[in-house]
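Remarks on the structure that follows.
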Amino acid sequence: MSDRYPRDSDNRDVGNYGYDDRTRAYGRQEPYAEPGVQRYAPQKPASSGLKFDVGPFIGGVVATAITTFIAGWVATAIVQAVYNRTGTSVFWMYGLEDPWIAGVYGALAAILAGAFMLLLFQAVPSPNTFFSWIAGLVVVAIIVLPFLAAGAITAAFGSAIVNGLMGFVIVALLSTTAAKTYHGRP
Numbered sequence: 010m011s012d013r014y015p016r017d018s019d020n021r022d023v024g025n026y027g028y029d030d031r032t033r034a035y036g037r038q039e040p041y042a043e044p045g046v047q048r049y050a051p052q053k054p055a056s057s058g059l060k061f062d063v064g065p066f067i068g069g070v071v072a073t074a075i076t077t078f079i080a081g082w083v084a085t086a087i088v089q090a091v092y093n094r095t096g097t098s099v100f101w102m103y104g105l106e107d108p109w110i111a112g113v114y115g116a117l118a119a120i121l122a123g124a125f126m127l128l129l130f131q132a133v134p135s136p137n138t139f140f141s142w143i144a145g146l147v148v149v150a151i152i153v154l155p156f157l158a159a160g161a162i163t164a165a166f167g168s169a170i171v172n173g174l175m176g177f178v179i180v181a182l183l184s185t186t187a188a189k190t191y192h193g194r195p
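Going by the numbering used here, 96 is the number at position 87 of the sequence shown; the sequence numbering is gapless.
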């Protein structure tokens, strides 16, 4: 017999008896193995507990709040600069003098959205799906509401642009944070 297929009696100390039979399922005992010797360790059953990294999630929520603050501040400053450049003097949602107010509102919204996502992690079977739907509907509402409440259409456009940008930032960053920190049910 060739060296490729040695006899079982010649290779009792070799772990797989000189061949690799990939058709056998893991965890089953080899047919020619000594009785009572198990070749593969049994797999531990998967725990059904929640696998959630709280520290990185909170860090992600704080980073989202900071990013949303900056996005709201920059977007408000740009919209105000366009209003001032075109000579459009309208009172809009975030006022004409303080662009940081939009950033503060956005940061608060990001923190509230993060707390809501944490609640969803504890309560529903697919938190990312529910968060995406709920947050998406809220973003649509905050884009449309200025058109219903504003006196001038230019004020509505400015508010809708800033609100939409901050909403997009919150949904995108928190969804990514959740995907990286939540390892629970699918």
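Here a beta-carbon is modelled for each residue, glycine too, at the ideal position from N, C-alpha and C.
The beta carbon of L129 sits closer than 8 Å to the beta carbons of P136, F139, F140 from its chain, once the five residues preceding and following it are set aside; these are given in chain order. Of the residues V88, A158, V91, A118, the one whose Cα lies closest to the Cα of T76 is A118. Under DSSP, F140 takes part in no beta bridge, so it has no partner. Within the DSSP bridge table, the entry for F61 names Y191 as partners. Straight-line measurement puts the Cα of A158 at about 15 Å from the Cα of V149. Shown here, A111 sits in a helix according to DSSP, grouped into three states.
Taking C-beta atoms as the reference points, A111 and T73 fail to come closer than 8 Å.
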